[in-house]
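Number of protein chains: 2
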Amino acid sequence: MYELKLSLPKWIDSFLNDHPNVIHDPEKQVRFVLDLTERNILEKTGGPFGSAVFEVDSGKLVSVGVNVVVQQNCSAAHAEMMALMLAQKKLSHFNLGAKHFPNHRLVTSGRMCAMCLGNVCWSGIKEVFSSAEPEDVEGITGFDEGPTPQDYNSQLEDRGIKIVTKILRSEGRAILQLYVDHGGQIYNGTR
Amino acid sequence: MYELKLSLPKWIDSFLNDHPNVIHDPEKQVRFVLDLTERNILEKTGGPFGSAVFEVDSGKLVSVGVNVVVQQNCSAAHAEMMALMLAQKKLSHFNLGAKHFPNHRLVTSGRMCAMCLGNVCWSGIKEVFSSAEPEDVEGITGFDEGPTPQDYNSQLEDRGIKIVTKILRSEGRAILQLYVDHGGQIYNGTR
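Top line first, the protein sequences correspond to chains A and B.
In terms of our numbering, the first sequence has 20 at position 20, counting the first letter as 1, and numbering is strictly consecutive.
When you read off a place in the second sequence, starting at 1, and then add 1000, the result is the number in our numbering.
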């Protein structure tokens, strides 16, 4: 009752072997997380969302995440949450922004839902780069983005977190459509 | 890199042995989570927050959580997140509101931050009962509540989730003060 384990799908290993572990260009970082997302859809291991944490200056890949809510029986197991939690475990610190660390960037296939936005604020992440917009996610898939604030971007900026949105947005939208075309489960049923 | 484990403190075992596992009265449920919170402070195992998931009708305790952010190297390891994730693991389902389950209530020592509010919306929880208010948490401890929306309660109610706040609020405030008096770490440094 007092311990829980969360895992990414088994194919992550081979995926990472087939991709570089240092990526500098932000567009290439977004392509990487969209590839990750596409694989999660094709393998039918979760929802159409992928994320990764990179060191800002070196471009070094620190962690990845995909949505594994259904597979892991955990409504918190969004791609961004998995990537952030795995990065923190890897660095053995709850704060990726601690003084002795390089700056970290979260790159994500779709702008964060309310839960993931909150955790970005707690995680010590310094930059967030995203592809699809909340209205893409809600409009194409029907997933709910949750109780996000009106002043989404300034909530991040006020906490010293840079946000860049709509990177390769049409590709980001196409991935969401791929999920729908494959009959992917829209598991969020509160509305 | 692809698996993570999160645990509650070891004293949880003895705590649960010393308390009933069926509690009907909402005030008594809040007292239970405040006791849990106090223990987390006195044991110095985390921040001043405790939560539990109960079955609404039977009063049966399903899971508990305390804040273990620092101890577990995980900014997402808030009390509410731990309780929700552990309840979902126990029931082997990401949705505590699935048709074949009884209704579930989250009881928490302080009203949820932005992240936990988001996960409540995804979790399938039908009711949230809380003690201290966000301004108590921010005013007494200095912890940031994050990017919550202006229309906090209606965001829940619109999703069919009942929220009852300020239950034993003065006791809830006293627990936050206890943490400060014990020199507890205010680890959230984004502002």
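Even for Gly, the Cβ is constructed at its ideal location relative to N, Cα and C.
Span separating the alpha-carbon of residue i from that of residue j
i: Tyr987/B; j: Asp18/A; result: Nothing in the structure corresponds to residue 987/B, since chain B is present only between 1001 and 1191.
i: Thr1190/B; j: Val62/A; result: Residue confidence is low: Thr1190/B scores 49 on pLDDT, short of 50, so the model does not pin down where it sits. No coordinate-derived value is stated.
i: Arg173/A; j: Leu42/A; result: 16 Å
i: Asp57/A; j: Phe129/A; result: 14 Å
i: Ser154/A; j: Val69/A; result: 29 Å
i: Leu1194/B; j: Gln1185/B; result: The structure shown does not extend to residue 1194/B, since chain B is modelled only from 1001 through 1191, so no value can be given for it.
i: Cys121/A; j: Leu1036/B; result: 26 Å
i: Asp1112/B; j: Ser14/A; result: Just to set this straight, residue 1112/B is Met in the shown sequence, not Asp. For Met1112/B and Ser14/A, the distance between alpha carbons rounds to 39 Å.
i: Leu1004/B; j: Pro9/A; result: 12 Å
i: Val1030/B; j: Leu1168/B; result: 7 Å
i: Asn21/A; j: Gly65/A; result: 14 Å
i: Leu1006/B; j: Cys1074/B; result: 8 Å
i: Ser131/A; j: Ala1114/B; result: 22 Å
i: Gly183/A; j: Pro1149/B; result: 32 Å
i: Gly160/A; j: Ile175/A; result: 30 Å
i: Lys1099/B; j: His1093/B; result: 11 Å
i: Phe1101/B; j: Asn1095/B; result: 9 Å
i: Glu38/A; j: Glu157/A; result: 30 Å
i: Pro1026/B; j: Asp136/A; result: 40 Å
i: Ile1140/B; j: Asn40/A; result: 44 Å
i: Leu1016/B; j: Phe32/A; result: 45 Å
i: Gly1110/B; j: Asn1119/B; result: 15 Å
i: Glu1138/B; j: Ile1023/B; result: 30 Å
i: Glu55/A; j: Glu1055/B; result: 43 Å
Nearest residue (CA-CA) to residue i, options the options
i: Asn1103/B; options: Trp1011/B, Leu1117/B, Leu1091/B; result: Leu1091/B
i: Ala1079/B; options: Arg1169/B, Ser1170/B, Leu1034/B; result: Leu1034/B
i: Lys162/A; options: Lys126/A, Lys28/A, Phe15/A; result: Lys126/A
i: Val53/A; options: Ala132/A, Glu135/A, Gly124/A; result: Gly124/A
i: Tyr1187/B; options: Glu55/A, Gly139/A, Gly97/A, Lys28/A; result: Gly97/A
i: Gln72/A; options: Pro1149/B, Tyr1002/B, Thr1165/B; result: Tyr1002/B
i: Thr108/A; options: His93/A, Ala76/A, Asn67/A, Gly183/A; result: Asn67/A
i: Thr1000/B; options: Asp1158/B, Ile1175/B, Gly1139/B, Pro1134/B; result: Since the displayed chain B opens at 1001 and closes at 1191, residue 1000/B lies outside it and no answer follows.
i: Arg1105/B; options: Asp1158/B, Gly1059/B, Ala1077/B, Asn1040/B; result: Gly1059/B
i: Gln88/A; options: Asn1040/B, His1024/B, Lys1089/B, Ala1077/B; result: Ala1077/B
i: Trp1011/B; options: His1024/B, Lys1044/B, Glu1138/B; result: Lys1044/B
i: Glu1171/B; options: Glu1055/B, Lys1028/B, Asn1119/B; result: Lys1028/B
Any non-hydrogen atom of the ligand SAH within 7 Å of residue i CB
i: Ala132/A; result: In terms of ligand content, the structure shown is empty, and the ligand SAH therefore cannot be addressed.
| Unbroken alpha helix (DSSP H) runs of length 4 or more, entirely within the segment 1083-1158 of chain B: which are they? | Runs found: 1114-1123, 1152-1157.
| query | Are the segment 1048-1055 of chain B and the segment 1162-1179 of chain B in contact at 8 Å, needing three or more beta carbon pairs? | reply | The segment 1048-1055 of chain B and the segment 1162-1179 of chain B touch, with no fewer than 3 CB-CB distances between them shorter than 8 Å.
| Going along the segment 1103-1132 of chain B in order, which residues come within less than 8 Å of chain A, judged by CB to CB distance? | Among the residues of the segment 1103-1132 of chain B, those with a Cβ less than 8 Å away from any Cβ of chain A are Cys1113, Ala1114, Met1115, Cys1116, Leu1117, Gly1118, Asn1119, Cys1121, Trp1122, Ser1123, Gly1124, in the order of the chain.
| task | Pull out every residue of the segment 1042-1061 of chain B whose Cβ sits closer than 8 Å to any Cβ of chain A, in chain order. | result | Of all residues in the segment 1042-1061 of chain B, none places a beta-carbon less than 8 Å from a beta-carbon of chain A.
| task | Please go through the segment 8-73 of chain A and give each complete beta strand (DSSP E) segment of 3 or more residues, from N-terminal end onward. | result | Segments of the beta strand (DSSP E) lying fully in the segment 8-73 of chain A: 50-55, 61-66.
| message | Check whether the segment 1136-1151 of chain B and the segment 1084-1098 of chain B touch, using three or more Cβ-Cβ pairs below 8 Å as the test. | response | Verdict: no, contact absent.
| request: Check distances from the C-beta atoms of the segment 63-81 of chain A to those of chain B and list, in chain order, the residues that come in under 7 Å. | output: Taking 7 Å as the upper bound on Cβ-Cβ separation, chain B lies near residues Ser63, Val69, Val70, Asn73, Cys74, Ser75, Ala76, Met81 of the segment 63-81 of chain A.
| said: Taking beta-carbon pairs under 9 Å, can you tell me which members of the segment 1001-1014 of chain B lie near chain A? | reply: Residues Met1001, Tyr1002, Glu1003, Leu1004, Lys1005, Leu1006, Ser1007, Leu1008, Pro1009, Lys1010, Ile1012, Asp1013.
| Where the segment 1022-1040 of chain B meets chain A: residues whose CB sits under 8 Å from a CB there | Here the close residues number zero.
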